[in-house]
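Accompanying notes for the structure given below.
4 protein chains.
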Amino acid sequence: MRSGLHEECGVFGILGSDKASWDTYLGLYALQHRGQESAGIASFDGKKIHTYKRLGLVGDVFGDPDIFDLLPGKIAIGHNRYSTTGATTITNAQPLTVTFKEGWMSAAHNGNLINASSLRKGMESDGSIFSTTSDSEVVLHLIAKSQKATFEEKIVDALSKVKGAYSLLFLYDGKLYAIRDPHGIRPLSLGRKGDIWAVASESCAFDILEIEYQRTVMPGEFLVLEEGKQPSSSFPFPKPKHYAGCVFEYIYFSRPDSFVFGKAVDLVRRKMGRQLAREAPVHDADAVIAVPDSSNTAALGYANILKKPFELGLIRNHYIGRTFIKPVQGERDFGARIKYNAVPGILKNKKIVVVDDSIVRGTTSRKLIRMIRDAGAKEIHFRVASPPIISSCFYGVDTPRREKLIASQKSIEQIKEYLEVDSLAYLSLKGMQGIEELREIGLCMACFNGIYPVE
Amino acid sequence: MRSGLHEECGVFGILGSDKASWDTYLGLYALQHRGQESAGIASFDGKKIHTYKRLGLVGDVFGDPDIFDLLPGKIAIGHNRYSTTGATTITNAQPLTVTFKEGWMSAAHNGNLINASSLRKGMESDGSIFSTTSDSEVVLHLIAKSQKATFEEKIVDALSKVKGAYSLLFLYDGKLYAIRDPHGIRPLSLGRKGDIWAVASESCAFDILEIEYQRTVMPGEFLVLEEGKQPSSSFPFPKPKHYAGCVFEYIYFSRPDSFVFGKAVDLVRRKMGRQLAREAPVHDADAVIAVPDSSNTAALGYANILKKPFELGLIRNHYIGRTFIKPVQGERDFGARIKYNAVPGILKNKKIVVVDDSIVRGTTSRKLIRMIRDAGAKEIHFRVASPPIISSCFYGVDTPRREKLIASQKSIEQIKEYLEVDSLAYLSLKGMQGIEELREIGLCMACFNGIYPVE
Amino acid sequence: MRSGLHEECGVFGILGSDKASWDTYLGLYALQHRGQESAGIASFDGKKIHTYKRLGLVGDVFGDPDIFDLLPGKIAIGHNRYSTTGATTITNAQPLTVTFKEGWMSAAHNGNLINASSLRKGMESDGSIFSTTSDSEVVLHLIAKSQKATFEEKIVDALSKVKGAYSLLFLYDGKLYAIRDPHGIRPLSLGRKGDIWAVASESCAFDILEIEYQRTVMPGEFLVLEEGKQPSSSFPFPKPKHYAGCVFEYIYFSRPDSFVFGKAVDLVRRKMGRQLAREAPVHDADAVIAVPDSSNTAALGYANILKKPFELGLIRNHYIGRTFIKPVQGERDFGARIKYNAVPGILKNKKIVVVDDSIVRGTTSRKLIRMIRDAGAKEIHFRVASPPIISSCFYGVDTPRREKLIASQKSIEQIKEYLEVDSLAYLSLKGMQGIEELREIGLCMACFNGIYPVE
Amino acid sequence: MRSGLHEECGVFGILGSDKASWDTYLGLYALQHRGQESAGIASFDGKKIHTYKRLGLVGDVFGDPDIFDLLPGKIAIGHNRYSTTGATTITNAQPLTVTFKEGWMSAAHNGNLINASSLRKGMESDGSIFSTTSDSEVVLHLIAKSQKATFEEKIVDALSKVKGAYSLLFLYDGKLYAIRDPHGIRPLSLGRKGDIWAVASESCAFDILEIEYQRTVMPGEFLVLEEGKQPSSSFPFPKPKHYAGCVFEYIYFSRPDSFVFGKAVDLVRRKMGRQLAREAPVHDADAVIAVPDSSNTAALGYANILKKPFELGLIRNHYIGRTFIKPVQGERDFGARIKYNAVPGILKNKKIVVVDDSIVRGTTSRKLIRMIRDAGAKEIHFRVASPPIISSCFYGVDTPRREKLIASQKSIEQIKEYLEVDSLAYLSLKGMQGIEELREIGLCMACFNGIYPVE
């Protein structure tokens, strides 16, 4: 359960489908967990790019079937966005579609450029204007300004100037371009069904369309998709010393049914729970419970190693509705109680292991634990299936400032006291790094160890 | 996972709270799973009854905090409704508020009267008109026509004429009246926090308000709640031979964190899974998976007995949104894929036990199984944590007609073939009846055995 | 310009049209000026009555063409409602559809029953319940209770018990019933196009459908319309000494392009202006202006007699929008300025006659006059094309209580001072009564002379 | 009555008001007739510019009072937009707010740049991107690229490169900048109330705020408004040979209660009607009617000269509602009948002069005339209070292509036959040019004579 840690978006692109915008809609629907603020689709009809985006959930934004008539063409890209700022606004919704000297282009971006601000300042000095505060607009400016001949070269030229994390999709003149940053920080996968090719942040977007998952797009790989052709692949930038896929994709962001960075999320997440059990067992526990739904897999792994019963001790309410109003004051633990309820029949007089995927600020964990205690748990042993978060992220994860990260301010013992649990343990960094699948990839663990892949 | 079996409503009432309508809103929110078509609240301000009801989810219907200013008073009742008919209409939304010779009264009803239609015809013959097609209006007519002196007596007089299932709440002149039918078909629980008293279909509605669950309201029990007094309890009708609580509350309708008929849903549901494991084990299964979320508990019980790993092999998408549009044609298994996705990492080349809570028509189960098969499962053993449904319900559960119930038309072997599974087993009726908690209550199992408690 | 005087509704019914509900929608649209709070349509498909009603303007309530699929059948009635109470609520929206011993019936009512409350109390004593506070529900109860054999007789039986104003439409079993009260207080007209028959509060509802206006329905006349037959007409009640059509239909309520009570509104309204000019001329006026749009016709008549130029000295803003928010405090004359603006080019240094159709409270007139003064008018002579309103209405017009009627509290001289005009004159009651068309009808002028047609 | 001729927007700006965004809302409300597609406001709070814009009417876009909390500051600009393209989209809504090297700026534009496309192409060649298709974005680019030192100089530098029509407002760092193009094609007026200064397309926007109209902003005049200072005025561009205010502001676009180009619209429009009467009288006409509301003033002028009665022979329905659905097929003259109804009492057996402000395609006029004929008019003499439109507009008026302009394709005699009228006459160009007020201004009459002020 997270409050204070958010991924910023999901991207999806498809080529060769007779109902490209409809397929993109379903792809975005499957990626809804990556961003709930706005949703948008851009399609190319052979002449121009059509764009439709609104604030809201995918299912609501595209709730009128007539919208798809406004998005014709066999090629489309889409984007779900999570707001990182308090202000909810349509301005930064994506895809971002503009005209430039060669006509129309559109971009959908997952990630965060760390030099966007200085690039922007530089271009403003040269007389450019910016309509949004999104990094993607910086990239579009760079492409438009590139002196290179082809759009493909312009993209490479533009991205050679940026630093940071990106999985970027572009739509231009009948082709779909997809590229991951050289460190491979944000994920992107490739799928196929006959002559239809698709790219998506996670492979679960393919499943809903019965598109077959092919493989991960590689760090630094640049794919050009064109109808009637095999995808062309190239690696325009030098290979960095280390790859740096965001480990939080495995811990929390991605759906367990997805492949991300080429590995099954479910499997990795399970192994984290198992390793945690090995490192910090609670041998005489009566039950292991998860904070649903994000911690279910790790909790299962934990319970499995210790041969303890996995139980559904917390029930999550899924019917929150769009305009649910929360009390502004006074009601203790209210936020947690709106989302969860503890099950006394499971918890009463029991020694409980609660497995959560991570702790950010600790405020919601504390409320949850109080609910579990109120439901009668005799002992609560809190286990976190990832290491303590001690550093903020600069690559697209909306972490709070360092001072708000409980693990950067308190010792484990102090956190244990703050949470009012009987014991507390995190998965060790070493334990996490030891997971075979993760070793094969090359991951960024800056939030745990402060080592940033991009200077 | 159900398509074709629905409970019709949730009711909530509260007395003595300074923010009675707000509390009712939260109570209804926790009962949202019992009905998503409409939500409504009626409150009494000392003089008259105010009513607000609309089509939609609780959080959306009451999305504007100003609404609560329109619902003043320290006593309120509320209602969530599930539409049993195709037509979505506000006419039948509850609470139903009317004036009669003594002033204002309002009712919220969970259940179904089997003689409503004949009572209605009789009253129409005498010149009455009906504005809705809801059973509750029949009851309000009967109360208004009663010659008895007090409102309490009028209720008893009215209900002495009806047959069927009801958990009914009434608001009248500063008192909250709550009554269950003598057979106790639909549930109702009593809660308390200091001077505040509340009644609700399930106890989870108390938890969100930190109201303490007291006990079930008994079959046939008539509670009168009045500010500053202890609830008065009476049993105005003769005790029937058998109680007949709806067993489907334990199988599917209620949230696992609730107490229903005085028993923890979670516990009973678990025992069903355990008994199923004893009756129909799959000894060499690689994993047990549930159809989330309703079958999770039973699947856990099943896995637990057989010491097999419980796995999250199906992922449920919870972001469907209000206006999600579905394809009208052609896409195979689409409905299932919108709600669920199978996790290949868990299923591939595995011998899988799938536990579902029940099968109604079988159409969705078939789609789900196909998804699991497509994800690579080697063998699929389908286990149903309740007996075959062979009869329709007349007490408020929206079952399809008998001919649509797959188990009334096909043998187990035929169902197995239809579902394309490697083996199929249901929990035996006897096995279910043997669960200790259920033996203590007295339940209606007409859907399984055709024996109806009310003639 | 009126604030504080409102007609309560418009009714429309049609029979024999293949798109009866669509036609009713357009008819209601043309009658929108008679009520803007809610709109509704009920149609009969040969078996049952379908009803759709919502708060809002006709064009918004029926803004989705799919709605008409929910309203099948060749016969329909519709209703626009103006809220007479502050609370905006759907409960009292019409048509009111109920079931009774003979099946489905629906009613749409324009008018006000003066003994509704006592009838209601009587029926409540006998055990009836009421779901709305509308008079129509009383009538439906009376019909349902009637022992007469046919629906036609039941209507007559029911209406024999009520006193007051009504133009009532009923839908029952393939027939459309229309009846006006014996005094003929509220209007109703009959139209025809081939085999299609229609009734409407005003004939402008026929024009939009190219239905030909036939004649007024007579006071006390009871029409039964049935497909394939000529309308049957009867007069079930004794003829009263005097007819009493509401004179305000000619002064303000009806559209000038309508026939009402068999006379062209435009013509009568014009004659009021002319008579006013004869009675209270301003011989050296520079211009005559109206308070648009309701006073335009009378002002033209006034200007015409005096051979003075009619000018557009006030401009009305028609784009108010549904949710226009008004300042809650402080801004002087704001309400008037939102609706009107004065034209300095016409008014500056001029001696102006302002013709208004009536004065209720006088507050808005005062604000308007101040605007005209601010725009530079040298002299303002206020002329009112109807007599002083001294009594409240009990037949469906939402007049304020007597104490709020400026003419019941102040002398003409005092009103002149309050309004800050250079002179003030009303049309005399005698002058109004002298208009030939009005003499032919028999009108209620109780608001001017306190003589009520129904005791 | 116009279908096919539209002005594109209204602009409003205010400085020095404690409720600048609220005032802008009311100003836009008064300018609603200039554009109904979208409305927007940008305000400057001392640090940054806040922008809120949506599709819809002003009253609906700003229907929630909380919006004004999102628009703080004492200085604001606003914009109403009329869509010139079929596609309704938020992309081009204004004000357009961007960041550039000096920080935030925002613009609101009424007009049309004829070299926008080539400027845009040039900037695209240099690597610029465009997020909208609006001319304003071109201007903002030019400002951002300007090497001049001050914002004021940058504006002048930028506008020195553009050709066409503009009344432009800019918000930048605490100042409000307002400038009209040198030919003065689109209007702009200056108002004041104490220390508050305002600019608006028409003076009616001042009246609603009780701001006093000061004067027209002159062609080519550049006003800089700053709190606590008098407006600074300059004329940065050479004076052209002729001024060229759009004559259609007087014929149709502006509200009659406004001052535009320093003259009262009402007065000019009246004189057009008078001149038309002198040129093309119908001596034995029974009545003169207008096509409401836009032709009322001209019709009055016409009737006045001929001493014929002005009558309200057509009634306009003002309650159309946001989502009014029109029949897609088949119903003859439907569009006209939804908006207008003819009054038989006035028209029957009469010789009628119908005065309209202009004819574009002629299709709606034809429908209206048929309605008047159906209402019984014996003779219909159509008089148009402006000359035949023979050329399209390039300065911001949405005229159809030349081939669709009936007067460019048919002779007067042919138009008369097409419209099925007994006689037809237009105001002569010479007659219009002879109106004293118009002679004083310098106007563009390109739509009548094909002489364009800007090459």
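Residue numbers (the working numbering), protein chains in the order written: chain A, 1 to 455; chain B, 1001 to 1455; chain C, 2001 to 2455; chain D, 3001 to 3455.
Note that CB positions come from ideal geometry on N, CA and C, so glycine has one too.
All values reported here derive from a predicted model rather than from experimental measurement.
Residue pairing by DSSP places Thr-97(A) opposite Ser-106(A) in a beta bridge. As DSSP reads the structure, Ala-1287(B) sits in a beta bridge with Ile-1352(B). For the stretch 199 to 211 of chain A, the set of positions with a beta-carbon nearer than 7 Å to some beta-carbon of chain B reads Cys-204, Asp-207 and Ile-208 in chain order. In the three-state reduction of the DSSP assignment, Lys-2074(C) falls in the coil class.
Its chain contains Phe-2100 as the residues whose beta carbon lies nearer than 6 Å to that of Ala-2144(C), once the 5 sequence neighbours on both sides are disregarded; these appear in chain order. Residues of chain A with a Cβ closer than 7 Å to the Cβ of Phe-3130(D) are, in chain order, Val-98 and Thr-99. Taking a cut-off of 8 Å on C-beta distances, the stretch 1298 to 1310 of chain B touches the stretch 1268 to 1283 of chain B, as three or more cross pairs fall below it. Excluding the 5 residues flanking it on each side, Leu-2419(C) has same chain C-beta neighbours closer than 7 Å at Gly-2362, Ser-2365, Arg-2366, Ile-2369 and Phe-2382, in chain order. By the rule that beta-carbons nearer than 8 Å mark a contact, Ser-2428(C) does not touch chain B.
As summarised for the stretch 1352 to 1402 of chain B, the continuous beta strand (DSSP E) elements at least 3 residues long and confined to that stretch are 1379 to 1384, given in chain order. With a threshold of 8 Å between beta carbons, His-3079(D) makes no contact with chain A.
Going by DSSP, Gly-2164(C) is part of no alpha helix (DSSP H) but of the beta strand (DSSP E) stretching over 2164 to 2172.
Between Ser-1043(B) and Leu-1071(B) the beta-carbon gap is near 4 Å, inside 8 Å, which marks them as a contact. As summarised for the stretch 1180 to 1232 of chain B, the continuous alpha helix (DSSP H) elements at least 4 residues long and confined to that stretch are 1204 to 1207, given in chain order. The beta carbon of Arg-3401(D) lies closer than 7 Å to those of Ser-3392 in the same chain, with the five residues before and after it left out.
DSSP places Thr-1297(B) within a helical segment (H, G or I) once states are collapsed to three. Put simply, the CB of Gly-3376(D) is far from chain A, with every gap to its CB atoms at 8 Å or more. At a C-beta separation below 7 Å, His-2141(C) has these neighbours in chain B: Ile-1129. Here Gly-1450(B) has Ser-1391 as same chain residues with Cβ atoms under 6 Å from its own Cβ, once five neighbours each way along the sequence are excluded. When Gly-2313(C), Val-2360(C), Gly-2111(C) and Asp-2286(C) are compared, the shortest CA-CA separation from Asn-2296(C) is found for Gly-2313(C).
Around the CB of Phe-2310(C), 16 or more other CB atoms lie within 10 Å, so the residue is classed as buried. By the Cβ criterion, the stretch 210 to 229 of chain A is in contact with the stretch 170 to 186 of chain A, since at least three pairs of Cβ atoms, one from each stretch, lie closer than 8 Å. In the structure shown, Val-1011(B) adopts extended strand secondary structure according to DSSP, grouped into three states. At least 8 Å separates the beta-carbon of Val-2265(C) from that of Asp-2356(C). In summary, Pro-187(A) is buried, with 16 or more beta-carbon neighbours lying within 10 Å of its beta-carbon over all protein chains present. For the stretch 1137 to 1170 of chain B, the residues whose beta carbon sits under 7 Å from a beta carbon of chain C are, in order, Leu-1140, His-1141, Ala-1144 and Lys-1145. Of the candidates Ser-358(A), Arg-316(A), Tyr-213(A) and Lys-148(A), Tyr-213(A) places its Cα closest to the Cα of Ile-196(A).
The way I'd put it, the stretch 200 to 213 of chain A doesn't touch the stretch 125 to 137 of chain A; fewer than three beta-carbon pairs between them come closer than 8 Å.
The count of Cβ pairs closer than 8 Å, one atom from the stretch 3114 to 3128 of chain D and one from the stretch 3156 to 3176 of chain D, reaches three, so the stretches are in contact. In the structure shown, the three-state DSSP call for Ala-3280(D) is coil. By the criterion of a C-beta distance shorter than 8 Å, Glu-124(A) is surrounded in its chain by Phe-130, once the five residues flanking it on both sides are discounted. Contacts between Gly-2184(C) and chain D, judged by CB atoms closer than 9 Å, are missing: the closest CB pair is about 21 Å apart. Taking the C-beta atoms as reference points, Gly-13(A) is found no nearer than 8 Å to Leu-190(A).
When C-alpha distances from Leu-3347(D) are compared across Ser-3136(D), Ser-3146(D) and Ile-3380(D), the shortest belongs to Ile-3380(D).
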